[in-house]
Ligand code: NAD
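Numbering (the numbering used here), first residue to last: 4 to 440.
Structure follows, in structure tokens:
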């Protein structure tokens, strides 16, 4: 099948590459000329494990193409995926201007039947709005389908090639047949495709992300309570997770959720609720708890230094919002660094993958180390903000030699307590006993 993907970010590029890998001819459209030029030369614009190899293979096989020209791509395709940003507006609602302005252009440009597939995360009713915008421009027949994306950054290729399920919201039999054809390589291997109406499909995405945000936040509150009563959240987590009604995933406490999805989707669902005079009380609480959880360790750092961190050097391991991505949108690291700088501390950060994105925001307000150990030179404390695998089994002897003080604030609970203890470190993590060193 010939497919256009509009927007080649984390979702669009991975979806486009996957659909090309499955044998389709895919035309990726983006307004970012530099990005498109780079992709034409084989440069992958994002960091995503295992993407580059598949990307290059499909360019070479002439199944994956890049252009800034929407019209040219549309002419070649029967199906048009929208993978455009839906960032939070000032009131928290999803900003639909990217989606609706492309829909408007599609309406102007189409000359024969097309299926417009919305992969962006959008509020209930957006398929209807897209339909209205296109209808206002054309009499040509078309269908609008909701096909929310569930991939995880860091595992995007794996998730996209082997999704747990495909959700398709459509009221058109013709569009459903076309979507079934596109996803037939998945259904053939037993991956379910769940058809429903557009509104239910749109809500499925928000409900899923919000549920996961609640699960993380619930566990963070349990962790904070563990500290009050002397329980160990690791034990509680294992005890809870072995109940298959609960499951052991998303039970790891830490310094809050970030990224481009959970914070924005929770906000947008709260906002959508308000539009219907409906209060999502559980989500309002989740959002509030998460905001304070993200910086819960800064007050611990201050406490350790008797309320004054001015002039202290704090090493920060990890800048990405989670491991295996260069995405720093809503990353906890940034909230922590902002407060540390405000309070006069010096920050030396290490994250070779996310560094280039952080430089665009913080520039030389912080220093960037070339290795995790270089970041520790003369550091008064280490803050671990991302669970990159390389931080999981470090050389504590080398750390001791580099640091001014053997002090770790671990926002990702990377070490069993006995390890920092045996190495003589002060070690504060989340929901567990503090090791005094
Ligand atoms: P992104 O910011 O990484 O990428 C968006 C791309 O769209 C950019 O390359 C941008 O240049 C391009 N673009 C903007 N306006 C355009 C236009 N008029 N024409 C063509 N291209 C245009 O965004 P993303 O993270 O891929 O997210 C896209 C959507 O998917 C959002 O709604 C998001 O909520 C949703 N989503 C994201 C993830 C994720 O993990 N990132 C997962 C599931 C769903």
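All residues carry an ideal CB built from backbone N, CA and C; glycine is no exception. Bear in mind that the values here come from a model prediction, so they are computed numbers and not experimental data.
So the candidates are 384, 343 and 325; which of them puts its Cα closest to the Cα of residue 356?
325
Entirely within the region 175-234 and at least 3 residues each: give me those beta strand (DSSP E) ranges in chain order.
If we require 3 residues or more, the beta strand (DSSP E) runs fully inside the region 175-234 come out as 196-199.
Under the three-state DSSP convention, the category residue 84 falls into
Strand at residue 84.
Return yes when at least one heavy atom of ligand 1 lies under 8 Å from the C-beta of residue 267, else no.
yes
Validate contact between the region 427-436 and the region 396-416 using beta carbons, cut 8 Å, 3 pairs:
yes
First and last residue of the uninterrupted beta strand (DSSP E) at residue 28
It spans 28-32 - the beta strand (DSSP E) in which residue 28 sits, taken as one unbroken run.
Exposed or buried, which one is residue 216 when buried takes at least 16 other CB atoms within 10 Å?
Sixteen is the threshold: when 16 or more other Cβ atoms of the shown chains lie within 10 Å of the Cβ of residue 216, as they do, the residue is buried.
Say yes only if the C-beta of residue 154 is nearer than 8 Å to one or more non-hydrogen atoms of ligand 1, and no if none qualify.
True, at least one ligand heavy atom lies under 8 Å from that Cβ.
Is there at least one non-hydrogen atom of ligand 1 closer than 8 Å to the beta-carbon of residue 376?
no
Taking residue 286 as the reference, which of 298, 271 and 297 has the closest Cα?
For residue 286, the closest C-alpha among the options 298, 271 and 297 is that of 271.
Pairs of beta-carbons, one from the region 219-237 and one from the region 145-155, closer than 8 Å: are there three or more?
These segments do not touch.
Just tell me which of 387, 327, 424 and 172 has its CA closest to the CA of residue 53.
327
Is any non-hydrogen atom of ligand 1 found closer than 8 Å to the C-beta of residue 434, if you look at the structure I gave you?
no
In whole angstroms, what is the alpha-carbon distance linking residue 187 and residue 283?
37 Å
Does the Cβ of residue 276 lie closer than 8 Å to at least one heavy atom of ligand 1?
In this structure, ligand 1 has no non-hydrogen atom nearer than 8 Å to the beta-carbon of residue 276.
If you draw a straight line from the alpha carbon of residue 77 to that of residue 6, how long is it in whole angstroms?
8 Å
Is the number of C-beta pairs between the region 331-346 and the region 376-384 that are closer than 8 Å three or more?
The region 331-346 vs the region 376-384: no contact.
For residue 242, report the span of its alpha helix (DSSP H) as first-last.
236-244
With residue 349 as the anchor, note down where its alpha helix (DSSP H) starts and where it stops.
Counting along the chain, residue 349 falls outside any alpha helix (DSSP H), though it belongs to the beta strand (DSSP E) covering 349-353.
Start-end ranges of the beta strand (DSSP E) lying completely within the region 93-121, minimum 3 residues:
117-121
Completely contained alpha helix (DSSP H) runs for the region 344-432, where each covers 4 or more residues:
Along the length of the region 344-432, whole alpha helix (DSSP H) runs at least 4 residues long occupy 358-365, 399-405 and 421-425, reported in chain order.
Do residue 130 and residue 202 have their C-beta atoms closer together than 9 Å?
yes
Evaluate the contact criterion for the region 175-195 versus the region 233-241: three or more CB pairs, one atom per stretch, below 8 Å.
no
I need the DSSP call for residue 312, collapsed to helix, strand or coil.
Note: residue 312 maps to coil in three-state DSSP.
Do you know offhand how far residue 254's Cα is from residue 265's?
16 Å
Thinking C-alpha only, which one of 81, 231, 375 and 305 is nearest residue 178?
81
Alpha carbon to alpha carbon, what distance is there between residue 170 and residue 193?
14 Å
Where DSSP assigns a beta bridge to residue 69, which residues make up the other side?
Beta-bridge pairing links residue 69 to 31.
Close beta carbons around residue 34, own chain, < 6 Å, minus the five adjacent residues each side
none
Proximity to residue 372 [Cα-Cα], best of 399, 320 and 339
Checking every option, the nearest Cα to that of residue 372 belongs to 320.
In the DSSP assignment, what are the bridge partners of residue 146?
118
C-beta contact flag for residue 85 and residue 121 at 9 Å
yes
Looking at residue 123 and residue 32, is the spacing between their C-beta atoms short of 9 Å?
no
Local conformation of residue 439 per DSSP, three classes
strand
Between residue 83 and residue 116, which are expected to be in contact by the criterion C-beta below 8 Å, what is the C-beta distance as a whole number of angstroms?
Actually they are not in contact, since the Cβ atoms of residue 83 and residue 116 sit about 11 Å apart, beyond 8 Å.
Using a Cβ-based criterion (distance less than 8 Å to any ligand heavy atom), does residue 110 qualify as near ligand 1?
no
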